[in-house]
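Residue numbering for the sequence shown follows the numbering used here, beginning at 61 and increasing consecutively.
Following: one structure in structure tokens, then a few remarks.
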Amino acid sequence: MAFPANLADLTPDLLTTVLAERRPGVRVDKVRVLERAKCGDGLASTADRVALGLDYMPGCEADLPARMVLKTILLHRTLRFGMPVILGLARTLSRLDRVPMLGSRARPLTFSVVNLYQRFFPHAPEAMYANEVHFYRDIRPELEIEAPRAFGSVFDESNGQFGILMEDLTLRAARFPNATTPVSSDEVAGLLSTLAALHARFWQSPRFDADLRWLPTTSRGGMFPVFDAIGLDLIRDQVRKNAFKQELLAPLNRSLEQLWQDTWKVQSLFDAGPVTLCHGDSHIANTYLLPGAQGGLLDWQLMVKGSWAHDLTYLIVTALEPEARRTHERELIAHYLQELRSRGVQGAPGDEEAWLRYRQAVVWGIVIGWLITPPQNYGRAITEANIRRLVTAALDLETFAAVG
Numbered sequence: 061m062a063f064p065a066n067l068a069d070l071t072p073d074l075l076t077t078v079l080a081e082r083r084p085g086v087r088v089d090k091v092r093v094l095e096r097a098k099c100g101d102g103l104a105s106t107a108d109r110v111a112l113g114l115d116y117m118p119g120c121e122a123d124l125p126a127r128m129v130l131k132t133i134l135l136h137r138t139l140r141f142g143m144p145v146i147l148g149l150a151r152t153l154s155r156l157d158r159v160p161m162l163g164s165r166a167r168p169l170t171f172s173v174v175n176l177y178q179r180f181f182p183h184a185p186e187a188m189y190a191n192e193v194h195f196y197r198d199i200r201p202e203l204e205i206e207a208p209r210a211f212g213s214v215f216d217e218s219n220g221q222f223g224i225l226m227e228d229l230t231l232r233a234a235r236f237p238n239a240t241t242p243v244s245s246d247e248v249a250g251l252l253s254t255l256a257a258l259h260a261r262f263w264q265s266p267r268f269d270a271d272l273r274w275l276p277t278t279s280r281g282g283m284f285p286v287f288d289a290i291g292l293d294l295i296r297d298q299v300r301k302n303a304f305k306q307e308l309l310a311p312l313n314r315s316l317e318q319l320w321q322d323t324w325k326v327q328s329l330f331d332a333g334p335v336t337l338c339h340g341d342s343h344i345a346n347t348y349l350l351p352g353a354q355g356g357l358l359d360w361q362l363m364v365k366g367s368w369a370h371d372l373t374y375l376i377v378t379a380l381e382p383e384a385r386r387t388h389e390r391e392l393i394a395h396y397l398q399e400l401r402s403r404g405v406q407g408a409p410g411d412e413e414a415w416l417r418y419r420q421a422v423v424w425g426i427v428i429g430w431l432i433t434p435p436q437n438y439g440r441a442i443t444e445a446n447i448r449r450l451v452t453a454a455l456d457l458e459t460f461a462a463v464g
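What follows is the structure in structure tokens.
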């Protein structure tokens, strides 16, 4: 069973089969495509999102909504880079590096072509799609946090195709912020309460060595092989092609190679723990806000077992303008820590340790968050706003001194 790469092949029978796994007896009669956000169009970064209208057979609704969102990738498998291709490319370039003159020319040319290809055929590595399906299928049902409800999900191991049927959050008057839209400190506090509820649920959990041992970390499994093999080359090409990224980075007075080393040094520090289940990509555009300052988390493709500081820092820094961040960041960190303790976390970080980890974690957002991301994924304005906020935070917080 697999979702098709063409919406014309999306049938009532397929949706019936997917939904019936959790709602036995459901029967879809008709399906209609209502709206679509295309991968890489500035609204949907790494997957397609399709709003569907569903009609059910009389008496077979199984308490399901008539409108859902399908998250999938509408690009044929033959046009997508799989992990073997990515790792094979890295090995080939490593061999060419040994050839005088050839390696230094082949590498930048290759990644220029790769980034150009992604512009016309945007998609993410299959590891991200598998990770999100795992979240909605295996973890979301047991969580009492604000995150979209999922009604069915499928990942095809043979070709990397996936589909997740989830609630349409617009039906709950959700607002979808980003780094160019105003967000209040109270709204950020609400999102931090959601993060704390997630982190507390899995704080130093023994399940990481049992049923959750499949979870990737920032330095093992998941997307790490991609970052390790070609991440720095993708960043070099992105920065070379986009002068605005060069200008925004200039105040740091650090080379891309130094930033890359800083990134993995911080992760090695964080690997020492404590660890929990992290959203992994908690910038403000991967959240939604509901009436009353309650907020939830979207897009779980980079979910990892990792440091709480990874999520906390990325959210605060990308959500608030620098002046507002400087005013509220310590109280927001204190709020998050109190939320952890109120949920029974023993040995939650103290104020000074939390402040240090918060300062160090800024690096990830700069490098993996936004230098590697093509501007077309979110648009230049959002990309620029995120990098500016992160770079400003790194300077304010003396992040690289904190890294050591």
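For glycine and all other residues, C-beta sits at the position ideal for the given N, C-alpha and C.
Whole-number beta carbon distance between residue 420 and residue 326, since they are thought to touch under 8 Å: About 5 Å separates the CB atoms of residue 326 and residue 420; that is less than 8 Å, so the two are in contact.
Alpha helix (DSSP H) segments (min. 4 residues) lying fully within the region 233-262: The region 233-262 contains these whole alpha helix (DSSP H) runs: 245-261.
Alpha-carbon spacing of residue 463 relative to residue 138, whole angstroms: Taking the CA atoms as reference points, residue 463 sits about 42 Å from residue 138.
Buried/exposed call for residue 221, threshold 16 Cβ in 10 Å: Answer is buried; the Cβ neighbour count reaches 16.
Proximity below 9 Å, CB of residue 216 to CB of residue 61: The answer is yes: Cβ separation under 9 Å.
Neighbourhood of residue 382 by C-beta, 6 Å cutoff - its chain only, sequence neighbours within 5 removed: Close CB contacts of residue 382 within its chain, under the 6 Å cut and outside five residues either way in sequence, are with 452 (chain order).
Three-way DSSP call (helix, strand, coil) for residue 408 in this model: In the structure shown, residue 408 falls within a coil segment according to DSSP collapsed to helix, strand and coil.
8 Å contact criterion, which residue 111 and residue 99 should meet: CB distance rounded: With a Cβ gap of about 15 Å, residue 111 and residue 99 do not count as contacting.
Anticipated Cβ contact below 8 Å, residue 450 with residue 425, distance rounded: With 8 Å as the limit, residue 450 and residue 425 qualify as a contact, their Cβ atoms being about 5 Å apart.
Of the listed residues 428, 66, 150, 127, nearest to residue 299 (C-alpha basis): The shortest C-alpha to C-alpha distance from residue 299 to any of 428, 66, 150, 127 is the one to 428.
Start and end residues, beta strand (DSSP E) containing residue 354: Element bounds for residue 354: 354-357.
Best match in 191, 64, 444, 172 for proximity to residue 465 [C-alpha to C-alpha]: Past the edges of the chain, shown from 61 to 464, lies residue 465, and the structure says nothing about it.
Local Cβ density within 10 Å of residue 116, reported as buried at 16 or more and exposed below that: Taking all protein chains shown into account, residue 116 has 16 or more neighbouring C-beta atoms within 10 Å of its C-beta and is therefore buried.
Any 3 or more C-beta pairs closer than 8 Å across the region 275-289 and the region 359-370: Verdict: yes, contact present.
DSSP state of residue 113 mapped onto helix, strand, coil: Shown here, residue 113 sits in a strand according to DSSP, grouped into three states.
C-beta atoms of residue 320 and residue 292 nearer than 9 Å: Yes; because the gap between Cβ atoms is below 9 Å, this pair is in contact.
In DSSP terms, what residue 213 is bridged to: DSSP, once it has assigned bridges, lists 224 as partnering residue 213.
Where residue 307 falls, given that 16 or more other Cβ within 10 Å makes a residue buried: Exposed: under 16 other Cβ atoms inside 10 Å.
Alpha helix (DSSP H) runs contained entirely in the region 117-180, provided each spans 4 or more residues: The region 117-180 contains these whole alpha helix (DSSP H) runs: 143-156, 162-180.
The ligand COA heavy atom lying under 8 Å from the CB of residue 370: Absent from the structure shown: the ligand COA. Ligands present: none.
Residues bridged to residue 350 [DSSP beta-bridge criterion]: Residue 350 is bridged to 354.
Cβ distance (whole Å) where residue 354 is taken to contact residue 250 below 8 Å: With a contact defined as Cβ atoms closer than 8 Å, residue 354 and residue 250 qualify at about 5 Å.
Nearest neighbour of residue 446, chosen from 213, 422, 264, 193 [CA to CA]: Nearest option by C-alpha distance: 422.
Classification of residue 237 by the beta-carbon crowding that lies within 10 angstroms, buried from 16 upward: By the neighbour-count criterion, in which 16 or more other beta carbons inside 10 Å mark a residue as buried, residue 237 falls on the buried side.
Cβ-based burial, residue 169 [other Cβ within 10 Å; buried from 16]: Taking all protein chains shown into account, residue 169 has fewer than 16 neighbouring C-beta atoms within 10 Å of its C-beta and is therefore exposed.
Contact under 9 Å by Cβ, residue 377 with residue 212: The answer is no: Cβ separation not under 9 Å.
Coarse secondary structure for residue 366, derived from DSSP in three states: In this structure, residue 366 counts as strand in the three-state DSSP scheme.
Classification of residue 223 by the beta-carbon crowding that lies within 10 angstroms, buried from 16 upward: With 16 or more Cβ atoms within 10 Å of its Cβ, residue 223 is classed as buried.
Residue burial classification, residue 161 (beta-carbon count within 10 angstroms, cutoff 16): Burial state of residue 161 is exposed, judged by a 10 Å Cβ sphere holding fewer than 16 other Cβ atoms.
Contact the region 389-400 vs the region 238-258: 3+ CB pairs below 8 Å: Enough Cβ pairs lie closer than 8 Å, so yes.
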